[in-house]
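Undergrad: Taking our numbering, the leading residue of the sequence shown gets 73, the next gets one more, and so forth.
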Amino acid sequence: MEAIILSGGFGTRLRPFTYTRAKSLLPILNEPMIFHLMKTLPKAVDTVVLAVNYRRDQIEEFFCSHDCGKTVIVNEEPQPLGTGGAVKFADQFITGRFFVLNADIICSANLAEMIRYHDKKKAVATISLWPVEHVSEFGVVDITDEGKITKFVEKPKPEDAPSNLINAGAYLLEPQVLNYIEPGKLVSMEKEIFPQVIDNTDRFYGYQFKGHWIDVGRISSYIHVHTFLLEQHKKPFLTGEDCTIHGTLRRSCVGQKVHIGAQSTIISSVIFDSARIGKHVSVDNCVLGEHCEIGDGCNLKNVAVGDNETLPEGTILENTMVWHQPIPAGYPQKQIGNVIGE
Ligand code: GTP
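(1) What are the start and end residues of the beta strand (DSSP E) that includes residue 119?
(2) For the segment 118-168, which segments carrying the beta strand (DSSP E) assignment without a break, of at least 3 residues, lie completely within its bounds, in sequence order?
(3) Grab the span of the beta strand (DSSP E) containing residue 279 for me, first residue to last.
(4) In the DSSP output, which residue or residues are listed as bridge partners for residue 170?
(5) CB of residue 239 to nearest heavy atom of the ligand GTP: below 8 Å?
(6) Could you round the C-beta distance between residue 417 and residue 246 to whole angstroms and report it? I think they count as a contact, below 8 Å.
(7) Just to confirm my understanding: we take residue 312, look at its own chain, exclude 5 residues before and 5 after, and list those with CB closer than 8 Å. What are they?
(8) Any idea if residue 222 is buried or exposed, counting beta-carbon neighbours within 10 angstroms, 16 or more meaning buried?
(9) If you measure between the beta carbons of residue 107 and residue 140, is that distance less than 9 Å?
(10) For residue 198, name the three-state secondary structure that DSSP assigns.
(11) Quick check on the DSSP output: what are the complete alpha helix (DSSP H) runs of length 4 or more inside the segment 203-277, in order along the chain?
(12) Tell me whether residue 318 is buried or exposed, calling it buried when 16 or more other Cβ atoms sit within 10 Å of its Cβ.
(13) With a Cβ-Cβ cutoff of 9 Å, do residue 343 and residue 359 count as a contact?
(14) Any heavy atom of the ligand GTP closer than 8 Å to the CB of residue 74?
(15) What's the gap between the Cα of residue 296 and the Cα of residue 286?
(16) Does the Cβ of residue 298 have 16 or more other Cβ atoms within 10 Å, making it buried, or fewer, making it exposed?
(17) Per DSSP, residue 375 is paired with what?
(18) Got a sec: does the ligand GTP put a non-hydrogen atom nearer than 8 Å to the Cβ of residue 419?
(19) Sort out for me which residues DSSP pairs residue 331 with in a bridge.
(20) Is it a yes or a no for the segment 209-219 touching the segment 106-120, going by three-plus beta-carbon pairs under 8 Å?
(21) Buried or exposed for residue 180, please, with buried defined as at least 16 other CB atoms from any protein chain shown within 10 angstroms of its CB.
(22) Using 8 Å as the cut-off, can you tell me whether the segment 157-175 makes contact with the segment 221-238, which would need three or more C-beta pairs spanning the two stretches below that distance?
(23) Enumerate in chain order the residues of its own chain whose CB-to-CB distance from residue 200 is below 6 Å, with the five nearest sequence positions on each side excluded.
(24) What does DSSP give as the partner residues of residue 342 in its beta bridges?
(25) Taking the DSSP output, what are the residues bridged to residue 104?
(26) Look at the alpha carbon of residue 394 and the alpha carbon of residue 176, and state the distance between them as a whole number of angstroms.
(27) Looking at the structure shown, is residue 382 part of a helix, part of a strand, or coil, going by DSSP?
(28) Counting C-beta neighbours from all protein chains within 10 Å, is the total for residue 283 16 or more, i.e. buried, or is it exposed?
(29) Our contact map puts residue 289 next to residue 89 with C-beta atoms below 8 Å; I'd like the distance itself, whole angstroms only.
(30) Kindly list the residues whose CB is nearer than 6 Å to the CB of residue 227, restricted to its own chain and excluding five residues on each side of it in sequence; keep chain order.
(31) Which whole-angstrom value is the C-beta distance of residue 381 and residue 396, which I expect to be below 8 Å?
(32) How many angstroms separate the CA atom of residue 323 from the CA atom of residue 341?
(33) Take residue 368 and list the residues in its own chain whose beta-carbon comes closer than 8 Å to its own, dropping the five residues that flank it on each side.
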């Protein structure tokens with residue numbers, strides 16, 4: 073059985089870190105985001121098709137040097153084809169019912185259970201569902217008591233919402249769904265294909281699960297996934313190898329070869345490999361990129377400092393991003409699309 077992992081997006085909301093790397097390789101607890109997803113794949117999945125485009129070389133290089141216990145096929149689109157187009161572009165590898173997974177969701181969905189549910193319902197498509205508090209920010213599903221989805225309702229007012237359940241980014245599809253997607257076109261699975269499958273088959277189901285679900289789409293949720301997982305693992309902080317830490321760490325994750333000077337405090341933050349942080353520095357709710365240098369006495373709150381950036385001594389910054397280098401050619405000026413529908 074195959075799983076197509078959608079990992080071709082630019083990840084514009086996670087810039088400046090996605091200026092230099094594929095979003096799916098951003099570290100979460102010092103392991104690439106996509107590796108966390110790989111660990112949740114059930115035994116039934118023996119082949120993973122990585123639907124890639126932006127920074128394909130980095131993703132391929134990572135899987136060449138790391139065995140994940142599955143056959144991995146790197147399938148590069150000629151240009152970004154959207155979530156539907158990317159799935160259609162992988163159709164030559166599909167041998168039966170298959171998963172489609174967003175690479176940027178960290179959650180506790182049990183995919184083996186989802187297969188059993190899909191088979192029991194004789195579904196044509198099953199999507200994972202997650203309950204949210206603020207329905208008006210999302211597309212929610214209209215769902216029967218038996219779990220059949222009859223339609224999607226975009227950003228409803230709370231009083232008009234048919235449910236509080238949103239698309240959680242894992243799909244289990246029968247091969248016939250591929251017939252609905254026109255090849256070579258930019259197609260959204262969620263907006264263009266799913267409504268047709270609902271109308272034509274009446275066998276579109278929703279699978280609910282308990283535990284956690286985090287869409288790691290923004291800097292705030294990127295930090296949140298760290299504090300959440302640290303708490304879940306009962307760890308006050310995490311450090312990689314070869315670090316010299318003279319300051320204090322709270323609810324934070326630090327990569328390899330990081331130096332943190334005396335009297336510095338790092339709270340609810342993520343620090344990438346080889347960063348150097350001086351003395352008397354305060355870092356709160358920040359992400360600091362690889363090889364960045366933070367001078368003595370800096371005070372940073374809600375700041376994203378890109379790879380290789382340097383902040384001089386005594387810099388005070390709040391609610392901003394630091395990036396002084398050229399933006400890579402072809403990187404979009406704004407978000408192209410949004411799968412989950414915030
Ligand atoms: P933003 O620009 O911040 O919205 O991020 P994104 O480009 O990753 O888009 P989004 O979060 O909506 O994408 C959800 C998942 O689909 C991510 O895992 C993306 O890598 C993936 N994705 C989005 N667009 C494409 C595409 O055109 N091709 C492929 N192969 N994957 C895509």
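In this text, a Cβ means the ideal position worked out from N, Cα and C, and glycines have one as well. Here the structure is a predicted model, which is why all the values come from computation and not from measurement.
TA: So, from the data block:
(1) Reading the sequence shown from its first residue, position 47 is the one you call residue 119. Element bounds for residue 119: 119-124.
(2) 119-124, 143-148
(3) Along the sequence shown, one-based indexing puts residue 279 at 207. Note, residue 279: beta strand (DSSP E), 276-280.
(4) Along the sequence shown, read from residue 1 onward, the residue named residue 170 stands at position 98. According to DSSP, which records beta bridges pairwise, residue 170 is partnered with 245.
(5) As a first step, residue 239 is located in the sequence shown; it is residue number 167 there, counting from the start. For the ligand GTP, not one heavy atom lies less than 8 Å from the Cβ of residue 239.
(6) Examination of residue 417 is not possible in this model, given that the chain is present from 73 through 414 alone.
(7) For the purposes of this step, residue 312 is taken as residue 240 along the sequence shown, with counting starting at 1. Closer than 8 Å at Cβ, skipping near neighbours: 102, 326, 327, 328, 329, 330, 345.
(8) Looking up residue 222 in the sequence shown gives position 150. Classification of residue 222: exposed, given that the 10 Å Cβ count is below 16.
(9) Mapped onto the sequence shown, residue 107 falls at position 35. Mapped onto the sequence shown, residue 140 falls at position 68. The answer is yes: Cβ separation under 9 Å.
(10) Taking the sequence shown and counting its residues from 1, one reaches residue 198 at position 126. If DSSP states are grouped into helix, strand and coil, residue 198 belongs with the strands.
(11) 266-273
(12) As a position in the sequence shown, residue 318 is number 246, starting the count at 1. Label assigned to residue 318: exposed.
(13) Here residue 343 refers to the residue found at position 271 of the sequence shown. Here residue 359 refers to the residue found at position 287 of the sequence shown. Yes, the pair counts as a contact, with Cβ atoms nearer than the cut-off.
(14) One-based indexing of the sequence shown puts residue 74 at position 2. Not under cutoff, so the answer is no.
(15) Mapped onto the sequence shown, residue 296 falls at position 224. Mapped onto the sequence shown, residue 286 falls at position 214. When rounded, the distance between both Cα atoms is 8 Å.
(16) Along the sequence shown, read from residue 1 onward, the residue named residue 298 stands at position 226. With 16 or more other Cβ atoms within 10 Å, it is buried.
(17) In the sequence shown, the residue the question calls residue 375 occupies position 303. BP columns for residue 375 point to 392.
(18) Residue 419 cannot be examined here, being either before or after the span of the chain that is shown, 73 to 414.
(19) The residue labelled residue 331 in the question sits at position 259 within the sequence shown. Paired residue(s): 316, 348.
(20) no
(21) The residue given as residue 180 occupies position 108 in the sequence shown. Residue 180 comes out exposed.
(22) no
(23) In the sequence shown, the residue the question calls residue 200 occupies position 128. So the list reads 181, 240, 242, 279, once near-sequence residues are dropped.
(24) As a position in the sequence shown, residue 342 is number 270, starting the count at 1. DSSP lists 325, 359 as partners of residue 342.
(25) Here residue 104 refers to the residue found at position 32 of the sequence shown. Answer by DSSP bridge pairing, in chain order: 99.
(26) Sequence index remark: in the sequence shown, residue 394 carries index 322 (1-based). Sequence index remark: in the sequence shown, residue 176 carries index 104 (1-based). Those two C-alpha atoms are separated by around 23 Å.
(27) For the purposes of this step, residue 382 is identified with residue 310 of the sequence shown, where counting begins at 1. Strand at residue 382.
(28) Along the sequence shown, one-based indexing puts residue 283 at 211. Flag for residue 283 reads exposed.
(29) Numbered from its first residue, the sequence shown carries residue 289 at position 217. Numbered from its first residue, the sequence shown carries residue 89 at position 17. Actually they are not in contact, since the Cβ atoms of residue 289 and residue 89 sit about 12 Å apart, beyond 8 Å.
(30) Position 155 of the sequence shown, counted from the first residue, corresponds to residue 227. 208, listed in sequence order.
(31) Within the sequence shown, the letter at position 309 stands for residue 381. Within the sequence shown, the letter at position 324 stands for residue 396. Right, their Cβ atoms sit about 6 Å apart.
(32) The count along the sequence shown starts at 1 and reaches residue 323 at position 251. The count along the sequence shown starts at 1 and reaches residue 341 at position 269. When rounded, the distance between both Cα atoms is 7 Å.
(33) Locating residue 368 in the sequence shown gives position 296, where the first residue counts as 1. 333, 350, 351, 352, 353, 385, 386, listed in sequence order.
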